[in-house]
Structures are given as C-alpha cells and as structure tokens.
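Student: Per the working numbering, the sequence shown starts with residue -11, numbered consecutively.
Don't be surprised by glycine CBs; every beta carbon is placed ideally from N, CA and C.
First the structure, then my questions, so here it is.
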Amino acid sequence: MYKDFMDRFVESVKSLKVGNGLDLDTEMGPCINEQQLKTVMSYVEIGKNEGAKLLTGGVRLDSGAHAKGWFYAPTVFGDCSPRMRIAQEESSDRLCL
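Okay, structure coming up:
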C-alpha cells in the first residue's frame, strides 16, 4: 500500500506548477528570500546524508520562467526514520513520508 501511495503521490508532486505566487495557475511559489532557499537546500542535503531516499525534486529551479527568484522544485523524501532531522524539524518547505 505504501509503495502504491508513494508512486501516485510523487507523480502528483511532479506535476505541480511552480511559478510566480501572484499567478492564479501557480500551485507553488518561490521561497521568500535567498536565505530561505539556502535553508531548503541544506535540509535536502541533510536528508540525503542521513539516508532518506530522494523521490523527486531536490534541485533549484533557475532557468526560463524561474530565472529570477528563489525557486526550488517540489521535493519529496521517502524511507525516512523518525530520528532523521528532516522528519523531526518542522518546516512547510519539505515533506518526508
């Protein structure tokens, strides 16, 4: 059941439209500032280093419509343990299942 859910969930996350938060079609806007983007990027590295499985995302979006701003791909980790920092520390910027 977990694998089936995660497969469908990851496909749904991959289809999210990332863009200008003022655009009505946007489903995920940019980070609020460069410092927040760096924080998100550091937690992705922490998750990978702790052994969580990166299922999608994990990269900065910086070309085309994302060239100006602090955009990050919607990111999902799987196979997380409750002891991992990405599972313990609260943030709306990442998801660990």
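Which stretch, first to last residue, makes up the alpha helix (DSSP H) that contains V1?
Tutor: Numbered from 1 along the sequence shown, position 13 holds the residue referred to as residue 1. Looking at the DSSP string, the run of the alpha helix (DSSP H) that includes V1 is -10 to 2.
Student: Compute the distance between the beta-carbons of G45 and A55, then report whether it is under 8 angstroms.
Tutor: For the purposes of this step, residue 45 is taken as the residue at position 57 of the sequence shown. For the purposes of this step, residue 55 is taken as the residue at position 67 of the sequence shown. Their beta carbons are not under 8 angstroms apart, which means G45 does not touch A55 by this criterion.
Student: Identify whether R71 lies in helix, strand or coil by the three-state DSSP scheme.
Tutor: Residue 71 sits at position 83 when you count from the first residue of the sequence shown. Looking at R71 - three-state DSSP - the assignment turns out to be coil, as it is neither helix nor strand.
Student: Could you tell me if L10 is buried or exposed, where buried requires 16 or more neighbouring beta carbons within 10 angstroms of its beta carbon?
Tutor: Position 22 of the sequence shown, counting from 1, holds the residue named residue 10. Classification for L10: exposed.
Student: Since K26 is in the alpha helix (DSSP H), which residue starts that stretch and which ends it?
Tutor: Walking along the sequence shown from the start, residue 26 turns up at place 38. Element bounds for K26: 22 to 38.
Student: Please state whether DSSP places G9 in a helix, a strand or coil.
Tutor: Translated into the one-based positions of the sequence shown, residue 9 becomes position 21. Here G9 sits in coil by DSSP.
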